[in-house]
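Chains as they are written, first to last, in the working numbering: chain F, -17 to 394; chain X, 72 to 218.
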Ligand SMILES: Cc1ncc(COP(=O)(O)O)c(C=O)c1O
């Protein structure tokens, strides 16, 4: 492990070098979306300048070049997550579309009356709503696993909820609202013992830690490009090949076919069966460049840096008596996300006030309303860190926090 | 962005005083307003005496801007006819949308005039107008059919 040369890294992210409200911008919302390094921006530009055409179309050279670029991106992802096959990598628009694909193509056909679906109370709405729709349509039961007294997933509850009736276990790898890292390997093994299929929402994990599909062995693993230095509009569904082969297409139309007759059709092979219509090729190219950037720096080094910032920030925040921090107290069970509230001040006001100090944090329910309700709160503020953030930015954030209550007319 | 122009003393006063934050004993109408993107969730309660808004109050939770804006609105509309209240709502929303800028007109909003600065803060516009939309929903039918 080596420490990052942040100054060098920040040169790759020109967007971070700007003033907001007469202050240095401290961008602490990478859990919502990350910024793009120059190599990603340039890869997209180069693709558009030299290689753009519609893929899988005709025999002309430019289309072949574009197709090659697209395939290279798929291979890159395969290697990055150690998927056994390229065909198991399906490009989607984002995590949300990937989960919907699984819910509609797999869930609707395989989950029956009386079956059960298990999710965690910490899930993002995009890993709840599709399962609600499946449960309602197919008369299945949607069960939630709750937290223990340490704000981590209660594994006893998990084992109680996952039963022989469970057909799908859909769990987040890292919670976007609390930052907790879940014991995902254990969950996958346990669910498999019970005969359930497992989907892991890796949107908050992939940018920050090594994910090895062959070691973890989930049935589905999904994530978004825009949270891992890549462009918006590209996401990934990894699916176990045997399962994907049996699934029906999610969207149908151009590019996903073999033969089309007036009344019936046969479909293309994997992965194309699930990639209907013209794809976001330039975003796939950008995603490949993002993976290269991450690999170049090293996930271990990135994680090490983020956790240094997170620990520093939590220690400083704990010194401020009117701040409540949510989630695990055990730093080893956390990623680089801190969810918190300031006494008597709504999270939205906190975010507005921090913005005036140049600090960008997220406020609200973080697309996790069931979790907020379960915790008995309406919203939180969330600061999240990535490889380009600095200790100075954490200090700027802490100084901003100390000023919040004053603006609302409280002494301290 | 100048925080002083947003978190003004008047807004703080309304946010903290809570004099309009209560339940009415016999409300004739309740209207819930919800802003799903940030979680503001306020319920407006109204008591009418014929055409007059005899009493009004609110419950729920939200940020300082939404709370203060609601409280200012309640102070403003109590004792007014539905028609007058309806016109004031339109002035307020016009102000926040920057469609109404005439000071004479805006002074009719009394305390709520101070929220004009929010029109420069796209992220907070919804907070400011939440309760005003609820009031409009509550009286719209009566006012429009009364004509
Ligand atoms: C854990 C988790 N799942 C899913 C999503 C949805 O991602 P997207 O909006 O890219 O589909 C997010 C993003 O906020 C997330 O944090």
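In this text, a Cβ means the ideal position worked out from N, Cα and C, and glycines have one as well.
All values derive from a computational prediction rather than experimental measurement.
The continuous alpha helix (DSSP H) containing residue 335 of chain F extends over residues 329 to 338. For residue 80 of chain X, the closest Cβ of chain F is nearer than 9 Å. At least one CB atom of chain X sits nearer than 9 Å to the CB of residue 331 of chain F. Between residue 230 of chain F and the set F/237, F/336, F/245, F/256, the nearest pair of CA atoms involves F/256. Remark: fewer than three beta-carbon pairs, one from each stretch, lie closer than 8 Å, so the stretch 269 to 282 of chain F and the stretch 304 to 311 of chain F are not flagged as touching. Three or more Cβ pairs closer than 8 Å define a contact, and the stretch 200 to 215 of chain F falls short of that threshold against the stretch 234 to 242 of chain F. Per DSSP, residue 217 of chain F is not a residue of any alpha helix (DSSP H); the beta strand (DSSP E) it occupies stretches across 217 to 221. Looking at the DSSP output, residue 126 of chain X bridges to X/118. Remark: the shortest separation between the CB of residue 106 of chain F and any heavy atom of ligand 1 falls under 8 Å. Along the stretch 358 to 382 of chain F, going in chain order, the ones with a CB nearer than 8 Å to a CB of chain X are 360, 361.
The stretch 336 to 346 of chain F makes contact with the stretch 355 to 365 of chain F; the number of CB pairs closer than 8 Å reaches 3 or more.
When secondary structure is reduced to three states using DSSP, residue 307 of chain F falls in the strand class. With 16 or more other Cβ atoms inside 10 Å of its own Cβ, residue 124 of chain X counts as buried. Residues are counted here when their Cβ sits less than 8 Å from a Cβ of chain F; for the stretch 89 to 112 of chain X these are 108, 109, 110, 111, 112, given in chain order.
In its chain, beyond the 5 residues on either side, 144, 145, 146, 148 have a beta carbon closer than 7 Å to the beta carbon of residue 176 of chain F. For residue -10 of chain F, there is no enclosing beta strand (DSSP E); the enclosing alpha helix (DSSP H) has its first and last residue at -12 to -7. A direct Cα-Cα distance of roughly 9 Å separates residue 378 of chain F from residue 5 of chain F. Nearest C-alpha to residue 104 of chain F among F/215, F/133, F/1: F/133. With a cut-off of 8 Å, the C-beta of residue 393 of chain F is classified as distant from ligand 1, since no heavy atom of the ligand falls inside that distance. Not a single heavy atom of ligand 1 lies less than 8 Å from the C-beta of residue 363 of chain F. Distance between residue 185 of chain X and residue 83 of chain X, taken at the CA atoms: about 12 Å. For residue 179 of chain F, the shortest separation between its Cβ and any heavy atom of ligand 1 does not lie below 8 Å. Looking only at F/14, F/241, F/24, the smallest Cα-Cα distance to residue 210 of chain F is reached by F/14.
With a threshold of 16 other beta carbon atoms within 10 Å, residue 30 of chain F falls short and is exposed. Residue state for residue 88 of chain X is assigned as helix, using DSSP reduced to three classes. Put simply, the stretch 113 to 129 of chain F touches the stretch 81 to 95 of chain F. At least three CB pairs are less than 8 Å apart. A straight-line Cα-Cα distance of about 40 Å links residue 190 of chain F and residue 188 of chain X. Below the 9 Å Cβ cutoff, chain F contributes 328, 330, 360 as neighbours of residue 133 of chain X, in chain order.
Residue side-chain check: residue 11 of chain F keeps its Cβ at 8 Å or more from all non-hydrogen atoms of ligand 1. If you draw a straight line from the Cα of residue 98 of chain X to the Cα of residue 357 of chain F, it comes to about 31 Å.
For residue 261 of chain F, the secondary structure class from DSSP, reduced to helix, strand or coil, is coil. Using a 10 angstroms sphere on the CB of residue 144 of chain X, the tally of other CB atoms reaches 16 or more, which defines it as buried.
Boundaries of the beta strand (DSSP E) harbouring residue 324 of chain F: 319 to 324, taken from the DSSP string. Less than 9 Å divides the Cβ of residue 269 of chain F from the Cβ of residue 58 of chain F. For residue 363 of chain F, the uninterrupted beta strand (DSSP E) segment begins and ends at 362 to 366.
Of all residues in the stretch 281 to 295 of chain F, none comes within less than 7 Å of chain X when Cβ atoms are compared.
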